[in-house]
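K.L.:
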Amino acid sequence: SIISSSLPLPLYPAAPMAHQSQSVSTAVDSELHSLLEAGALHLGQQEVVKALKVYTRAVDLRPGDLAACTGKVEALRALKRPRGALKACALALRVLPGCQPLMLAQDGLVAELGDDAQAILDEAASNGEAALAPLAGHTAASAAEGGEGAAPCPAAKSQDQSHKETKTLKALLSHSTKLEANLPDMASEESVAYRLARKEELISFYRDFYAKTREQQTAAPSTLDTSQYSKKEKTGLKIQDGHRPMPRPEFVEVPADHKQPVGTLSPAELSKYNCDSGRFLLAIHGDVFDVSDRPDKYGPDGPYHSMSGHDITWALWSGYDEEQEWDKYFDVQRCATREERNRRFQGLMSWWAFFELEYGVPVGRLDVYDREWELPPPPAVQDLCVVM
């Protein structure tokens, strides 16, 4: 199956824009949450047409939801429909101006379509004016309401907030951008300063993003609404019990050394902290996370049990969650194109920040990444499920 190789599936639903009552807001959040889960599941099973239908419905339900918009764009890309993907991306940017993931996706599509791109952008701009009219009232009403749902991120934010976020990200990336401009060779120790700076810049951005999202979260059901699926499809949703909402268990007996530092580990040493060890560790881009407080996910009976004791960087980068993708080591900064590198590394760091939010700061390092520039460059991967 396939997992998102960029922004992780939202476990904290974005705050509502503006609704007549809290009950209506909760109902919309519940439906949107289910649609996003379903879209990811369909993409994971390479049912791209079904994914497109679900994400289109999600965008219609809430045009300003980032996961819905990017899901639709990537479903269209997977169907080899770059014109439709560019139009969807441009329309989404009318609602989420300055959104960095959408801007990156749009730049890639413009480059792919060449001279045909401008006509598509012009059409989207004219269509977007009509689409923005009803949304303007929602945004204003949301800002006027105040309270916990008044400052959502990213779904129900004002254009001013979006512009501020974009400026923040650009400012955060400015240092590494300057370092890269003066870098003679990425495959050398001279690239260390750039690598560290770019990683920290993106982690800082996503730390803030997830913190705001969690602060503004609303109550959401812990089970997936499957009313829109056939009997056969419902069965498929439960095959491995993964890629679905999984609330934290109320009582978990963690190991005595939970979250204690482990220092620098080799892959062989990391493998000892597998699903049968009692303490579950996994690594993302050289940093080791202790996920022992989620035995329901990473323990022997959890859907992600095989991740324990392994580095899952390449799986998050490429989008494939098969076990054979664990412990594959590449210098991800040396992609074939800068666009792919920036897009996928941004996604990888969003996962890193998400794991930090869920499980705490890393407890160790994986020695393979101590000299990352000496690893081979990554092979090309197909864009099937990149939800940015």
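Reminder that position 94 of the sequence shown reads as 279 in this note's numbering, one-by-one numbering, no gaps.
Every residue, glycine too, gets a C-beta built ideally from N, C-alpha and C.
None of the values given here were measured: they were computed from a predicted structure.
Is the beta carbon of V553 less than 9 Å from the beta carbon of G448?
P.N.:
no
K.L.:
Quick check on DSSP: helix, strand or coil for R550?
P.N.:
strand
K.L.:
Assess contact between the stretch 537-544 and the stretch 503-512, defined as three or more Cβ pairs (one per stretch) separated by less than 8 Å. Is contact present?
P.N.:
no
K.L.:
Could you tell me which residues DSSP pairs with G448 in its beta bridges?
P.N.:
G549
K.L.:
Which one of V548, C254, A252 and I388 has the shortest CA to CA distance from V473?
P.N.:
V548
K.L.:
CA-CA distance, I305 and A521?
P.N.:
27 Å
K.L.:
List the whole-angstrom C-beta distance separating W558 from M371, where the pair is believed to meet the contact cut-off of C-beta under 8 Å.
P.N.:
7 Å
K.L.:
DSSP three-state label for I497, please.
P.N.:
coil
K.L.:
With A253 and L228 assumed to form a contact (beta carbons below 8 Å), what rounded beta-carbon distance in angstroms separates them?
P.N.:
Under the criterion of beta carbons closer than 8 Å, A253 and L228 do not qualify as touching, at roughly 13 Å.
K.L.:
When you compare the CB positions of P446 and P480, do they come within less than 9 Å of one another, or not?
P.N.:
no
K.L.:
Have a look at P267 and P564 and give me their C-alpha separation to the nearest angstrom.
P.N.:
22 Å
K.L.:
Taking the alpha carbon of F465 as the point to measure from, which residue in A453, L450, S451 and V439 has its own alpha carbon closest?
P.N.:
V439
K.L.:
Under a three-way DSSP split, which group does A468 fall into?
P.N.:
strand
K.L.:
From G269 to P248, what distance separates their C-alpha atoms?
P.N.:
If I take the Cα positions, the gap works out to 16 Å.
K.L.:
Among the residues of its own chain, which have a CB less than 7 Å from the CB of I388, if the five just before and after it don't count?
P.N.:
Excluding residues within five positions, the ones whose Cβ falls inside 7 Å are M534, W537 and A538.
K.L.:
Quick one: measure Cβ to Cβ for E386 and L368, integer angstroms, because I've assumed they're closer than 8 Å.
P.N.:
Not a contact, Cβ separation roughly 15 Å.
K.L.:
Exposed or buried, what is T324 when buried is set at 16 or more other beta-carbons lying within 10 Å of its beta-carbon?
P.N.:
Confidence at T324 is low in this model, with a pLDDT of 32, below 50, so its placement is unreliable and no value can be given for it.
K.L.:
Out of curiosity, what's the CA-to-CA distance linking L261 and Y240?
P.N.:
Rounded to the nearest angstrom, the gap between the Cα atoms of L261 and Y240 is 10 Å.
K.L.:
Indicate whether H495 and L467 have their beta-carbon atoms separated by less than 9 Å.
P.N.:
yes
K.L.:
Output needed for K235: all residues of its chain with C-beta closer than 7 Å, excluding positions within five of it in sequence on either side, in chain order.
P.N.:
Taking K235 as the centre and dropping the five residues before and after it, the same chain places the C-beta of H227 closer than 7 Å to its C-beta, in chain order.
K.L.:
Leaving out five residues before and five after R550 in sequence, what residues of the same chain have Cβ atoms less than 8 Å from its Cβ?
P.N.:
Apart from the 5 residues on each side of it in sequence, R550 sits with its Cβ closer than 8 Å to the Cβ of G448, T449, L450, G471, D472 and V473 in its chain, given in chain order.
K.L.:
If you draw a straight line from the C-alpha of L298 to the C-alpha of V517, how long is it?
P.N.:
26 Å
K.L.:
Do you know offhand how far M492's Cα is from F530's?
P.N.:
20 Å
K.L.:
Hey, would you say P485 sits closer than 9 Å to D512, going by beta carbons?
P.N.:
no
K.L.:
Measuring straight from C-alpha to C-alpha, what distance separates E308 and K272?
P.N.:
8 Å
K.L.:
Taking C-alpha atoms, which residue in D301, A277 and I497 lies nearest to A290?
P.N.:
A277
K.L.:
If distances are taken between C-alpha atoms only, which option among L264, T362, D214 and E216 comes closest to Q231?
P.N.:
The residue with the shortest Cα to Cα distance from Q231 is L264.
K.L.:
Do the CB positions of R519 and R526 come within less than 9 Å of each other?
P.N.:
yes
K.L.:
Within this structure, are the beta carbons of D250 and E524 separated by less than 9 Å?
P.N.:
no
K.L.:
Go ahead and pull the three-state DSSP assignment for F390.
P.N.:
helix
K.L.:
What is the DSSP secondary structure of V473, reduced to helix, strand or coil?
P.N.:
strand
K.L.:
Under a three-way DSSP split, which group does Y505 fall into?
P.N.:
strand
K.L.:
Between the alpha carbons of Y379 and E216, how many angstroms are there, rounded?
P.N.:
When rounded, the distance between both Cα atoms is 42 Å.
K.L.:
Note down, in chain order, each residue of its chain lying with its Cβ closer than 7 Å to the Cβ of L560, except the 5 sequence neighbours on either side.
P.N.:
Y514, F515 and D516
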